[in-house]
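> Quick one: the structure is below, questions incoming.
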Ligand SMILES: [Zn+2]
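Numbering (our numbering), first residue to last: 50 to 518.
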């Protein structure tokens, strides 16, 4: 008898849009070909999913490896392997690189580099660069997933990484929103007021910069909330598809709530804001320096409430690979230390742990990690388990444990993950499939170059642009 499918996953509880069902899943040509009653169908490869949950692979819409620059911090290979180990099947790489990804030409260079090295699917952000219609349209045509800007100034000495990406001037922010709106693509903003941060940093004179509190004091929640309020005000006129990156504070949640319905915006937060507080950061030292900063318990509580209320609809890693030497060089200086922490092996385990704790349902968790990303960024065939969808899947043992130590992590940045050392999450990623092929099964079994370039579907994007016109 000839096999009907390339492979079939048997015995798992499958999370479908209709809920968690006892089904077998037939895969052919990299897609989900059939949802089968138990034991039906036949395939060349049988994957045993008994006792496990089969979930849509996570789509991490906020990821930094900076490649091909800075290989000492991690490479596309090392960081996409780590993402696969964390159950992430698609990531969106941010445009900070050396030089900044701010033109169609740079997009093509990075696309070629990722296409050669990625173990999982990848989308690329671009900085809007010179903001001319020709340039932003060329980047859209190159298949980017969205634009990204910062409202902060470039960190000292890193101007070329942030050229056409940092827009501390509000006039420029408005121009960037309008430029993105014309393309129909979303624009993602790292929103903190450059002016309030400058004032906060000026106030640090005489303080001991080895003290973690200086970081929180220089970048208060107010800096984030002011920047977000201004962007949301501008977006009433600019009508961009605006996405606020890594929301950290109760104050900003309040701003998002007040602006609900005034324009098309969405917001994300990250596991470090949901599972860690400033006390944890203080213990971990500059390794846990992240911008915007991890704040206090009341902020964390507000973020969970915002998730429950649908104000925050995405959870992302903001995975940032730095080397131990990068962080160590600024061990006594919170102002200069490079911001960011690796998170791709934390994302899914931490959110499934939240499911075990009853903070969110499994359906909510996977919408936050996958389904909502596919919808917001117009990724056809991703984000849910259904016939015809891409076979980007993860098998999880919900009774297992994920322990985070430098030895268990796959990321090249495993020695700067101090914020999570010792963490134990109730669940374990056992197998990750990208386009129907197993890339992780406890160890990495995938292949560099297997990951596909992921672009917004033109039909859904055109429809949303037409609605905006
Ligand atoms: Zn980031």
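For each residue, glycine too, the CB sits at the ideal point set by N, CA and C.
Let me know if residue 66 comes out buried or exposed under the rule of 16 or more other beta-carbons within 10 Å of its beta-carbon.
Exposed, because fewer than 16 other Cβ atoms sit within 10 Å of the Cβ of residue 66.
> Given this structure, state the Cα-to-Cα distance separating residue 246 from residue 269, to the nearest angstrom.
Approximately 8 Å, taken between the alpha carbons.
> Going by DSSP in three states, residue 322 sits in which element: helix, strand or coil?
Residue 322: helix per DSSP, three-state reduction.
> Give me, in chain order, the residues of the same chain whose beta-carbon lies closer than 8 Å to that of residue 331; leave out the 5 immediate sequence neighbours on both sides.
Hits under 8 Å: 261 and 262.
> Got a sec: does ligand 1 put a non-hydrogen atom nearer than 7 Å to the Cβ of residue 367?
Yes, the beta carbon of residue 367 sits closer than 7 Å to at least one heavy atom of ligand 1.
> With distances taken from CA atoms, which of 286, 149 and 440 is nearest residue 207?
Checked all of 286, 149 and 440; the closest Cα to residue 207 is 149.
> Measuring alpha carbon to alpha carbon, tell me which residue in 392, 440 and 493 is nearest residue 468.
That would be 392, whose Cα lies nearest to the Cα of residue 468.
> Determine the DSSP secondary structure at residue 409, reduced to helix, strand or coil.
DSSP places residue 409 in coil when its eight states are reduced to three.
> May I ask whether a heavy atom of ligand 3 can be found less than 7 Å away from the beta carbon of residue 132?
With respect to small molecules bound, the structure shown includes ligand 1 and not ligand 3.
> Closer than 8 Å by C-beta to residue 382: which residues in its own chain qualify, once you throw out the five before and the five after it? Chain order, please.
Excluding residues within five positions, the ones whose Cβ falls inside 8 Å are 258, 259 and 335.
> Helix, strand or coil: which one does DSSP assign to residue 518?
The predicted position of residue 518 is uncertain, since its pLDDT is 49 and thus under 50; a value taken from the coordinates is nonetheless stated next. It is coil, neither helix nor strand.
> Have a look at 93, 98 and 94 and flag the residue whose alpha-carbon is nearest the alpha-carbon of residue 87.
Checking every option, the nearest Cα to that of residue 87 belongs to 98.
> Between the alpha carbons of residue 191 and residue 204, how many angstroms are there, rounded?
Whole-angstrom Cα-Cα distance: 28 Å.
> Compute the minimum distance between the beta carbon of residue 271 and the heavy atoms of ligand 1, and state whether it is under 7 Å.
Residue 271: no, Cβ never under 7 Å from ligand 1.
> Evaluate residue 91 with the Cβ neighbour count: other Cβ atoms within 10 Å of its Cβ, from every protein chain shown; 16 or more gives buried, anything less gives exposed.
Classification of residue 91: exposed, given that the 10 Å Cβ count is below 16.
> Pick out whichever of 477, 70 and 452 has its Cα sitting closest to the Cα of residue 466.
Of the listed residues, the one whose Cα sits closest to residue 466 is 452.
> Can you list, in chain order, the residues of its chain whose CB lies under 7 Å from that of residue 243, leaving out five sequence neighbours each side?
Correct list, in chain order: 200, 201, 202 and 217.
> CA-CA distance, residue 450 and residue 405?
Near 12 Å, if we compare the C-alpha coordinates of residue 405 and residue 450.
> Does at least one heavy atom of ligand 1 sit under 7 Å from the Cβ of residue 294?
Under cutoff, so the answer is yes.
> Is the beta carbon of residue 122 closer than 8 Å to that of residue 146?
Result no, Cβ atoms of residue 146 and residue 122 do not sit closer than 8 Å.
> Would you call the stretch 392-402 and the stretch 356-374 touching, i.e. three or more CB-CB distances under 8 Å?
Yes: the two stretches touch, three or more of their Cβ pairs being nearer than 8 Å.
> Using a Cβ-Cβ cutoff of less than 8 Å, which residues in the same chain neighbour residue 416 once the five nearest sequence positions on both sides are dropped?
Counting only Cβ-Cβ distances below 8 Å, and skipping sequence neighbours, we find 362.
> Could you check where the beta strand (DSSP E) with residue 171 kicks off and where it finishes?
Start and end: 170-175.
> Pairing CB atoms from the stretch 411-431 with CB atoms from the stretch 158-169, are three or more of them under 8 Å?
Contact fails: fewer than three Cβ-Cβ distances are below 8 Å.
> Exposed or buried, which one is residue 456 when buried takes at least 16 other CB atoms within 10 Å?
Answer is exposed; the Cβ neighbour count stays below 16.
> Tell me the rounded alpha-carbon separation between residue 484 and residue 94.
Taking the straight line joining both Cα atoms gives about 15 Å.
> Note down, in chain order, each residue of its chain lying with its Cβ closer than 6 Å to the Cβ of residue 250, except the 5 sequence neighbours on either side.
Around residue 250: 267.
> Helix, strand or coil: how does DSSP classify residue 157 here?
Three-state DSSP puts residue 157 in a helix.
> Which same chain residues end up closer than 6 Å to residue 409 when comparing Cβ atoms and leaving out the 5 residues on each side of it in sequence?
403.
> Measure from the alpha carbon of residue 313 to the alpha carbon of each residue in 407, 291 and 319, then state which is nearest.
Comparing Cα-Cα distances from residue 313 to each of 407, 291 and 319, the minimum goes to 291.
> Taking DSSP as the reference, what is the three-state secondary structure of residue 114?
The answer is coil: DSSP assigns residue 114 none of H, G, I, E or B.
> Let me know the secondary structure DSSP gives residue 34 once reduced to three states.
Outside the shown range of the chain, which is 50 to 518, sits residue 34, and nothing can be said about it.
> Under DSSP, the alpha helix (DSSP H) around residue 328 begins and ends at which residues?
Note, residue 328: alpha helix (DSSP H), 327-333.
> Among the residues of its own chain, which have a CB less than 7 Å from the CB of residue 353, if the five just before and after it don't count?
So the qualifying residues of the chain are 323 and 408.
> Start and end of the beta strand (DSSP E) containing residue 366?
No beta strand (DSSP E) holds residue 366; DSSP gives it neither H nor E.
> Closest to residue 59 by CA distance: which of 68, 89, 78 and 81 is it?
Of the listed residues, the one whose Cα sits closest to residue 59 is 89.
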